[in-house]
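Trainee:
Protein chains in written order, with our numbering: chain A, 1 to 730; chain B, 731 to 1232.
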């Protein structure tokens, strides 16, 4: 087909609520065509004759019943029936959020679903402002379900004959014309549903309103909502009285599109910038080092820190308790796959994401210490922090690995994950995060490998690593840029920039540190930390105004640095305490200074953004205001005060308190954006949201994997030279 | 029938596709009557309440001696045959699938039973068996039966041009002299010229744009889509000005014509003839009736046959307003005659008590819901429909709900002079209390589609409803009886709410 895009007409259904008689033939016809089971219902308190309460994977079309008192109506009452189903946005939020294009808008209108592509991440369930997509919670292979506007009807083969008689050409044509009509429209006996091209339906709707201004409100719901939809409504009462949400007229995908389209150039620019900074600082440091040959300073002695395995008993009571928790996690993971996602968790179409996603968001934020440290040590030449580099990287590697494990548990169809490599979504934050985190884990692994080589004297492997790790980073970042942009220009530019950097820094005598790995780590982390914020850009209608912001990606990035560095401080303090080692308080205080500044920048940035958008005045009122106050005061202002002065930062108690509150504040922020500050209304018609409390298995996986990270860190520290040599001075 | 069974006069009942154990009011009488039968044959696609009345909840099967036979019948999609709608259109339906297991179409079952019975009596000399032995019964398919219903010429008739053995083509081919046969005279012509016209499916040709589609199926009588369509013309046979023309007198062709088959006694008798003015030609007067008295109108040509076969109300020439047998108010129109004087109730005193407004202050109306059909034997076995309306309910106005402190979802006990049951309440502003004769009359409503069998079960409202019926058409008085409603406290099970998963 060489038709220009503009010539493709959008298939559309016009729903005239004033004509619906509530027979629900559409609801049944929908189940019949889509082969959906009947739900086991009972007469419900609040619903009267309506059943079921909401859309679900079994119910893609629902008639809701409304008894609206109105003096001017006959009998003082409007008794109205409203069809609830997918509106088939012209720019669908669900499809834009989907990382594998399992949900996609056909050029002629229907937003369809391909379960073979779906990984079951359920971001669509949250992205849709109407609560249309639902998951098959009772299935071991939980697919997403939604109305497809019966797009599959036009694929049906036409019958050749009827009742033994061959069809005439005219009859065949009529079949052809009729078969594309959605099942619900065909079933409607009351002429309440009309199917046709969107322009015609719009004209018809305007015509009805102008012909009967007494009968209709002057509003076609769907004409402009969320950038326009293919399914549109006419009503005799204002739509808000029927529970239609005011979703605004801007298209949803535009909310995250801007942020995500910045990613490819940002990767290239950031990579180049980091390379430049490194070169600049390196030259200065080399100059200083050259100058100090005569009088060796003690300033960079940390760079020559030697590491050694920890000589401690492994099976302590504490570690036994960690092992018990790990066993708990193993049982929970088995339960997850035996009982299915719906059977082992309390997730629902309201809480499509729960504890596991909270843990992932929290964990990724606090694991930002790894990239922050790597960046500080290598790019910014903060050699004073060198001694904590290995433990930071190991902790990061373990954290991210278990984030991946949790994600696999959380995905409904993890065996479809390969689709992430095949599909090219244009504006999916989930896609960006998936690739970014995946590639970052590989870089973390490369960053940690020298420790393994050193421990087991793997010289050959070390040489290969020396030669190829830089090339790998260039390759990974180029692939990433290409996947995100799907533009050769960007890919070539990325290849040029990063290969150039790899080439410049190839000389291992001059550039002894794995600088390209550090650049890769910082670049990718910056991207995915911020993209986790982009993930929530699609949910301005659900997330509290204190949290939702168009610059949320930057909030996420800045807060992650604060939390990440704070957590490194806490871990180092824990290491010193647990293994009875010297507390390198000067280093930690230096790190505390970075925590302080990043927290300060984060807070100023976030509050100024709120103020600029006029959200600050009401930010502290109500339940959400209280949560926000705790986040900002307890997790922001107080740690800022505690960490403000260099003289105070060297006091372990204050440093600990400041780091702890910083991390806690950011953790609370991540919990808030997924759970507490989310006004989840549940599936359409968004009147019966489910409640959520994690099951024992959800706790099992999350707590058990934390235990695993802690245990494996201890094991790693014992097996490999992760921690600096215990100093005799202790 | 059930009263005959209760009296021991009816010994065998063969019920085809009906579920009286749900749909007949005053179910206590119905159940006791069934238990008095020697044999009950139920021909059904489901095990209905009627088929399992002997083991219904609360009844010891040992206490019932009725022999019950359930014959597995085919569903409508599993058999060929016609379906006739209220507009008189007869449409052929083709079997889409074969019936499962041993299930057979109703025609096959009747045929098998008939042939078996005929074999039993083939040597009988009893006069009562003669009708069976000599019956003309050669049907093998549903179309054979439709041909029989259409009718045949049994002798050559030069007037109609039919030869012996020809299928009749229209009602006027029939003769009252034994020279033709027809299973149902109004269906004469459905198989005209050997073509099963009910199979026609021309959904495109609609000459007058009236939506009549004369080539789609076949409508009795004579494929006439609108009965009495002559009445759409003035006395000159012209369509009334401004109306959509349906039929008219064609002066040139000297015959009635139009987009539909003209409903006139003789197509060539024009408006100038007496026949041309008889728009309602089945009535003796040939014109519409405002009222009719009971009278006989013998046909001069055929003494002994009434010429006028139109219906005459049994309870008077004019429609009249009567209160139901159980009513909370006196008949305000004429307080002396509260109920229809021709209505006999109670017919069996011990089974048919009449409730008083003092004991049962509210009016119960019953009907179906759109989602379930009749006794629900089919629809209550379809999960999609059970999802929509999962259980019966008592709908009540807000005023009563306030008085009883009841809200939607609460359980209420509803009782009448005949029985009681417990269901959930639905409170709605759509119902209002009525003011009649200075008295507040509260109407409550329940659907009647439920029973104790099937995927969705619930109490049958016909335990409460009264089995009075009007003396004319015999319509059940299920729209009005007296009940009391009380709230049921302390129900353990709270209604489950879908969506809450924790």
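Backbone N, C-alpha and C fix where the C-beta goes; we use that ideal spot for every residue, glycine too.
As the structure is a prediction and not an experimental result, all values here were calculated from the model.
1) Can you tell me the Cα-Cα spacing of residue 50 of chain A and residue 1080 of chain B, whole angstroms?
2) Between the C-alpha atoms of residue 1126 of chain B and residue 696 of chain A, what's the straight-line distance to the nearest angstrom?
3) Any C-beta of chain B sitting closer than 8 angstroms to the C-beta of residue 31 of chain A?
4) Going straight from the alpha carbon of residue 634 of chain A to that of residue 666 of chain A, what length do you get?
5) The alpha helix (DSSP H) spanning residue 466 of chain A covers which residue range?
6) Residue 762 of chain A and residue 351 of chain A: beta carbons closer than 8 angstroms?
7) For residue 1116 of chain B, go through chain A and note every residue whose CB falls closer than 7 angstroms to its CB, in chain order.
8) Please list the partners that residue 1051 of chain B has in chain A, where partner means a Cβ-to-Cβ separation under 9 angstroms.
9) Taking C-beta pairs closer than 9 angstroms, name the residues in chain A that residue 1138 of chain B reaches, listed in chain order.
10) Let me check understanding here. Comparing Cα to Cα, which of A/520, A/548, A/501 lies closest to residue 441 of chain A?
11) Who are the Cβ neighbours of residue 775 of chain B in its own chain at under 6 angstroms, not counting the five residues just before and after it?
12) Shorter than 8 angstroms from the beta carbon of residue 79 of chain A to some beta carbon of chain B?
13) Helix, strand or coil: which one does DSSP assign to residue 76 of chain A?
14) Against chain B, with Cβ distances strictly below 8 angstroms, would residue 669 of chain A count as a contact?
15) Note down, one range per segment and in chain order, each alpha helix (DSSP H) of at least 4 residues found wholly within the stretch 1160 to 1213 of chain B.
16) Can you name the residues of chain B whose CB is closer than 9 angstroms to the CB of residue 67 of chain A?
17) Does any heavy atom of the ligand ADP sit closer than 7 angstroms to the C-beta of residue 343 of chain A?
18) Return helix, strand or coil for residue 346 of chain A, following the three-state DSSP convention.
19) Buried or exposed, going by whether 16 or more other CB atoms sit within 10 Å of the CB of residue 1239 of chain B?
20) Which chain A residues are close to residue 1100 of chain B, counting only those with a beta carbon under 7 angstroms from its beta carbon?
21) Measure the CB-CB distance between residue 813 of chain B and residue 780 of chain B and report whether it falls below 8 angstroms.
22) For a minimum of 4 consecutive residues, which ranges assigned as the alpha helix (DSSP H) are wholly contained in the stretch 915 to 966 of chain B?
23) Counting only beta-carbon separations shorter than 8 angstroms, does residue 1217 of chain B have a partner in chain A?
24) With a threshold of 8 angstroms between beta-carbons, can residue 1123 of chain B be considered close to chain A, or not?
25) Do we get a CB-CB distance below 8 angstroms when we pair residue 1011 of chain B with the residues of chain A?
26) Do residue 354 of chain A and residue 139 of chain A have their C-beta atoms closer together than 8 angstroms?
27) Could you name the residues of the same chain whose beta carbon sits closer than 7 angstroms to that of residue 705 of chain A, not counting the 5 residues immediately before and after it, in chain order?
28) Suppose you measure from the CA of residue 1104 of chain B to the CA of residue 865 of chain B; what does that come to, to the nearest Å?
29) Mind pulling the beta strand (DSSP E) runs of 3 or more residues that sit fully within the stretch 1105 to 1151 of chain B?
30) Can you tell me where the alpha helix (DSSP H) with residue 175 of chain A in it begins and where it stops?
31) Quick one: give me the first and last residue of the alpha helix (DSSP H) that residue 802 of chain B is part of.
32) Give every residue of the same chain whose Cβ lies closer than 7 angstroms to the Cβ of residue 448 of chain A, excluding the five residues on either side of it in the sequence, and list them in chain order.
33) Three or more C-beta pairs closer than 8 angstroms, one from the stretch 616 to 628 of chain A and one from the stretch 411 to 418 of chain A: is that the case here?
34) Going by CA-CA distance only, name the one from A/317, A/267, A/655, A/564 that's closest to residue 495 of chain A.
35) Taking 8 angstroms as the threshold (C-beta atoms), are residue 222 of chain A and residue 233 of chain A in contact?
36) Does residue 508 of chain A come out as helix, strand or coil in the three-state DSSP assignment?
Mentor: Here's the rundown:
1) Distance between the alpha carbons of residue 50 of chain A and residue 1080 of chain B: 41 angstroms.
2) So the alpha carbons of these two residues sit roughly 44 angstroms apart.
3) Chain B, which has a Cβ nearer than 8 angstroms to the Cβ of residue 31 of chain A, makes this yes.
4) Whole-angstrom Cα-Cα distance: 10 angstroms.
5) Boundaries of the alpha helix (DSSP H) around residue 466 of chain A: 459 to 485.
6) Nothing in the structure corresponds to residue 762 of chain A, since chain A is present only between 1 and 730.
7) Chain-order list of chain A residues neighbouring residue 1116 of chain B: 38, by C-beta distance under 7 angstroms.
8) Simply none; closest approach about 24 angstroms.
9) Those are 43, 44, 45, 46, 47, 48, listed as they occur along chain A.
10) Answer by Cα proximity: A/520.
11) For residue 775 of chain B, same chain residues with a beta-carbon under 6 angstroms away, outside a window of 5 residues either side, are 803, 805 in chain order.
12) It does: the Cβ of residue 79 of chain A has a partner Cβ on chain B nearer than 8 angstroms.
13) Under the three-state reduction of DSSP output, residue 76 of chain A falls in the helix class.
14) Between residue 669 of chain A and chain B, the shortest Cβ-Cβ separation is not below 8 angstroms.
15) Unbroken alpha helix (DSSP H) runs of no fewer than 4 residues, entirely contained in the stretch 1160 to 1213 of chain B, are not found.
16) The contacting residues are 1158, 1159, 1160.
17) Ligands are entirely absent from the displayed structure, and the ligand ADP is therefore not among its contents.
18) When DSSP states are grouped into helix, strand and coil, residue 346 of chain A belongs to the coil group.
19) The displayed coordinates of chain B run from 731 to 1232. Any statement about residue 1239 of chain B would go beyond what the structure contains.
20) Below the 7 angstroms Cβ cutoff, chain A contributes 23 as neighbours of residue 1100 of chain B, in chain order.
21) Between residue 813 of chain B and residue 780 of chain B, the C-beta spacing is not below 8 angstroms.
22) Scanning the stretch 915 to 966 of chain B for uninterrupted alpha helix (DSSP H) segments of 4 residues or longer gives nothing; none is fully contained.
23) In terms of beta-carbon proximity, residue 1217 of chain B stays away from the interface with chain A, with every pair separated by 8 angstroms or more.
24) Closer than 8 angstroms to some Cβ of chain A, the Cβ of residue 1123 of chain B qualifies, so yes.
25) Interface with chain A (8 angstroms Cβ-Cβ cutoff): residue 1011 of chain B is excluded.
26) For the pair residue 354 of chain A and residue 139 of chain A, the CB atoms are not nearer than the 8 angstroms cut-off.
27) So the qualifying residues of the chain are 329, 402, 405, 406.
28) The straight-line gap separating the alpha-carbon atoms of residue 1104 of chain B and residue 865 of chain B is approximately 35 angstroms.
29) For the stretch 1105 to 1151 of chain B, whole beta strand (DSSP E) runs of length 3 or above, ordered along the chain, are 1123 to 1127, 1141 to 1146.
30) That run of the alpha helix (DSSP H) goes 169 to 179.
31) Element bounds for residue 802 of chain B: not the alpha helix (DSSP H) but the beta strand (DSSP E), 797 to 802.
32) For residue 448 of chain A, the CB contacts under 7 angstroms within the same chain, skipping 5 residues up- and downstream, are 393, 394, 397 in chain order.
33) As far as the Cβ criterion goes, the stretch 616 to 628 of chain A does not touch the stretch 411 to 418 of chain A, which means the pair count is below three.
34) In this structure, A/267 is the residue among A/317, A/267, A/655, A/564 with its C-alpha nearest to the C-alpha of residue 495 of chain A.
35) In this structure, residue 222 of chain A lies closer than 8 angstroms to residue 233 of chain A by Cβ.
36) DSSP places residue 508 of chain A in coil when its eight states are reduced to three.
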